[in-house]
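A.B. asks: With full-length UniProt numbering as the guide, the letters of the sequence shown map in order to residues 1 to 285.
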Amino acid sequence: MRPGLLVISHGSPDGSWVTLVDEAMAQAAWPEGVPIASSFLDCVPGRTIQDGIDELEAQGVDAIGVIPLFISGGSTHVDEIAYALGVTSAPLADTKLPPFRLRAQVRYGRPLDGAALFAAACGGDGPGGDGPAGEPEAGTVLLHMVEDRLRGLGAGAGDAALLVAHGSRHEPFAGRWHASLRRLARQLVQRSACAAASHALLCCEDIAAAARKLQQALAVMPADAGPACWRATARWRHARRLPRPRPGGTRPPGAARGGGAGVPEHRLFYGAGYSRAAGRCAGAL
């Protein structure tokens with residue numbers, strides 16, 4: 001049996017987005033001698049999922065490990081791709097994605113939050129558990145990525161983090177998104193990456209309201225919560241407006257320590273997405 005790996009990303013008509021994925025793929029440590037194909041669900045002609053399958057099978061691959069490069073098992077795309085690959089018998093939501101043409105066996109991997117949603121079909125293990133020997137604990141890939149991003153933004157144990165994801169309006173996907181993000185927020189606080197953390201779904205929730213709710217939660221923290229929490233509370237209380245993010249996720253005006261226009265003694269950070277995730281998730285398959 002000859003194995004190969006198929007990495008599937010969402011895709012974008014923006015060439016710079018595709019370049020970031022390609023750079024991440026080039027930096028990743030892949031198994032020596034194993035054919036690798038990087039494909040996209042949409043928007044990248046010539047690099048579709050079917051193109052990736054054909055590329056691997058042309059090299060004699062008859063066992064394909066699929067890495068879905070998506071944040072959460074709550075993604076409808078993770079579900080529809082599994083169906084189109086024959087991993088599940090039917091999608092949980094309407095899809096226009098037809099079944100793919102393939103001869104190879106498929107082992108379907110985990111999204112970045114570590115959810116093994118199709119364990120029975122692909123031989124994986126349950127959500128949140130350890131993978132086979134040598135693999136990272138499920139979900140730690142995404143956790144470490146977010147911790148790295150917070151450190152890169154200059155945020156610390158006295159700050160609050162609002163996790164914003166696209167999400168879904170439909171069940172069971174919305175519930176999966178919420179469960180994944182709640183777990184991630186809890187882990188960030190437990191590991192002292194921030195004083196408090198919450199989340200919101202961009203597709204169907206009020207992001208500003210979620211920020212205000214987090215502010216209120218900080219304002220009523222008990223006195224024994226520790227000085228870091230009260231430093232965060234003071235910063236939130238002084239916040240007057242949220243600066244408009246600059247393209248690319250760079251720090252907006254007023255986001256530096258010491259404040260700026262309208263944000264005295266308060267730090268606001270705008271983080272970019274997960275474009276360099278490929279090298280961090282290969283072990284989560």
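We treat Cβ as the ideally placed atom computed from N, Cα and C, and that holds for glycine.
Buried or exposed: which applies to Met25, given that a residue is buried once 16 or more other Cβ atoms fall within 10 Å of its Cβ?
C.D. replies: For this step, residue 25 is matched to residue 25 along the sequence shown. Its Cβ being crowded by 16 or more others within 10 Å, Met25 is buried.
A.B. asks: Measure the CB-CB distance between Pro35 and Leu6 and report whether it falls below 7 Å.
C.D. replies: As a position in the sequence shown, residue 35 is number 35, starting the count at 1. As a position in the sequence shown, residue 6 is number 6, starting the count at 1. In this structure, Leu6 does not lie closer than 7 Å to Pro35 by Cβ.
A.B. asks: According to DSSP, Thr48 sits in a beta bridge with which residue or residues?
C.D. replies: Position 48 of the sequence shown, counting from 1, holds the residue named residue 48. Paired residue(s): Phe40.
A.B. asks: With distances taken between CB atoms, is the gap from Leu112 to Ile71 smaller than 7 Å?
C.D. replies: Here residue 112 is taken as the residue at index 112 of the sequence shown, counted from 1. Here residue 71 is taken as the residue at index 71 of the sequence shown, counted from 1. Cβ distance < 7 Å, so Leu112 and Ile71 count as in contact.
A.B. asks: Terminal residues of the continuous alpha helix (DSSP H) containing Ile81?
C.D. replies: Taking the first residue of the sequence shown as 1, we reach residue 81 at position 81. Element bounds for Ile81: Thr76 to Ala84.
A.B. asks: Going by DSSP, which residues form a beta bridge with Leu202?
C.D. replies: Numbered from 1 along the sequence shown, position 202 holds the residue referred to as residue 202. Partner(s): none; Leu202 has no beta bridge.
A.B. asks: Assign His144 to buried or exposed, taking buried as 16 or more other Cβ atoms, counted over all protein chains shown, within 10 Å of its Cβ.
C.D. replies: Within the sequence shown, numbered from 1, the residue matching residue 144 stands at position 144. The residue is exposed, with fewer than 16 neighbouring Cβ atoms inside 10 Å.
A.B. asks: Let's test the definition: count the other Cβ atoms within 10 Å of the Cβ of Gly60 and tell me whether it reaches 16, buried, or not, exposed.
C.D. replies: To locate residue 60, count along the sequence shown from 1; it is residue 60. With fewer than 16 Cβ atoms within 10 Å of its Cβ, Gly60 is classed as exposed.
A.B. asks: Looking at His199 and Leu188, is the spacing between their C-beta atoms short of 7 Å?
C.D. replies: What you label residue 188 is simply residue 188 of the sequence shown in a count that begins at 1. What you label residue 199 is simply residue 199 of the sequence shown in a count that begins at 1. In this structure, His199 does not lie closer than 7 Å to Leu188 by Cβ.
A.B. asks: Which class does Ile207 belong to by DSSP, given the choice of helix, strand or coil?
C.D. replies: The residue labelled residue 207 in the question sits at position 207 within the sequence shown. Note: Ile207 maps to helix in three-state DSSP.
A.B. asks: What would DSSP say about Gly167, mapped onto helix, strand or coil?
C.D. replies: Against the sequence shown, residue 167 aligns to sequence position 167. Gly167: coil per DSSP, three-state reduction.
A.B. asks: For the alpha helix (DSSP H) containing Arg107, name the first residue and the last one.
C.D. replies: For the purposes of this step, residue 107 is taken as the residue at position 107 of the sequence shown. Element bounds for Arg107: not the alpha helix (DSSP H) but the beta strand (DSSP E), Gln105 to Tyr108.
A.B. asks: Look up Gly156 in the DSSP assignment and say whether it is helix, strand or coil.
C.D. replies: On the sequence shown, residue 156 is found 156 positions in, with the first residue counted as 1. Three-state DSSP puts Gly156 in coil, outside helix and strand.
A.B. asks: Between Arg186, Glu80 and His166, which lies nearest to Phe100 when the distance is taken from Cα to Cα?
C.D. replies: Numbered from 1 along the sequence shown, position 100 holds the residue referred to as residue 100. When only C-alpha atoms are compared, the closest one is Glu80.
A.B. asks: Assess contact between the stretch 162–173 and the stretch 205–212, defined as three or more Cβ pairs (one per stretch) separated by less than 8 Å. Is contact present?
C.D. replies: Flag = yes, the stretch 162–173 and the stretch 205–212 touch.
A.B. asks: With a threshold of 7 Å on Cβ separation, who are the neighbours of Cys194 within its own chain once the five nearest residues in sequence on each side are excluded?
C.D. replies: Stepping through the sequence shown from its first residue, residue 194 is reached at position 194. Once the five neighbours on either side are set aside, the close Cβ partners of Cys194 are Leu150, Ala155, Ala157, Asp159, Ala160, Ala161 and Leu188.
A.B. asks: Pull up the DSSP beta-bridge partners for Gly4, would you.
C.D. replies: Position 4 of the sequence shown holds residue 4. Looking at the DSSP assignment, Gly4 forms a beta bridge with Ile64.
A.B. asks: Rounded to whole angstroms, what is the Cα-Cα separation between Gly152 and Thr19?
C.D. replies: Along the sequence shown, read from residue 1 onward, the residue named residue 152 stands at position 152. Along the sequence shown, read from residue 1 onward, the residue named residue 19 stands at position 19. Distance between the alpha carbons of Gly152 and Thr19 is about 21 Å.
A.B. asks: Taking His178 as the reference, give the member of Glu23, Asp148, Trp17 and Ser75 with the closest Cα.
C.D. replies: Working through the sequence shown from its first residue, we reach residue 178 at position 178. Comparing Cα-Cα distances from His178 to each of Glu23, Asp148, Trp17 and Ser75, the minimum goes to Ser75.
A.B. asks: If you reduce the DSSP assignment to three classes, tell me which class Ser72 lands in.
C.D. replies: Locating residue 72 in the sequence shown gives position 72, counting from the first residue. Coil at Ser72, not helix or strand.
A.B. asks: Using three-state DSSP, classify Ala196 as helix, strand or coil.
C.D. replies: On the sequence shown, residue 196 is found 196 positions in, with the first residue counted as 1. Strand at Ala196.
A.B. asks: Using a Cβ cut-off of 7 Å (strictly closer), state whether Ile207 contacts chain C.
C.D. replies: Given the protein chain composition of this structure (a single chain), no chain C is represented.
A.B. asks: Restricting to Cα atoms, I'd like to know which of Leu184, Tyr108 and Gln27 is closest to residue 289.
C.D. replies: An answer regarding residue 289 cannot be provided, because it is not within the stretch 1 to 285 covered by the chain.
A.B. asks: Ends of the alpha helix (DSSP H) at Gly23?
C.D. replies: One-based indexing of the sequence shown puts residue 23 at position 23. The sequence given here has Glu at residue 23, not Gly. From DSSP, the alpha helix (DSSP H) with Glu23 extends over Gly15 to Gln27.
A.B. asks: Between which two residues does the alpha helix (DSSP H) holding Ala185 run?
C.D. replies: Within the sequence shown, numbered from 1, the residue matching residue 185 stands at position 185. Phe173 to Gln190 is the extent of the alpha helix (DSSP H) around Ala185.
A.B. asks: Short of 8 Å in beta carbon distance, which residues of its chain neighbour Lys213, apart from the five on each side in sequence? Order them along the chain.
C.D. replies: Here residue 213 refers to the residue found at position 213 when the sequence shown is read from its first residue. The residues are Ser198.
A.B. asks: Measuring straight from C-alpha to C-alpha, what distance separates Gly33 and Met1?
C.D. replies: The sequence position of residue 33 within the sequence shown is 33, counting from 1. The sequence position of residue 1 within the sequence shown is 1, counting from 1. Computed Cα separation, rounded: 13 Å.
A.B. asks: Within the same chain, show all residues whose beta-carbon is closer than 6 Å to that of Glu147, passing over the 5 residues directly before and after it, in chain order.
C.D. replies: Within the sequence shown, numbered from 1, the residue matching residue 147 stands at position 147. Closer than 6 Å at the Cβ level, and outside the excluded window around Glu147, lie Ala193.
A.B. asks: Rounded to whole angstroms, what is the Cα-Cα separation between Ile8 and Gly73?
C.D. replies: For this step, residue 8 is matched to residue 8 along the sequence shown. For this step, residue 73 is matched to residue 73 along the sequence shown. Going from the Cα of Ile8 to the Cα of Gly73 covers about 14 Å.
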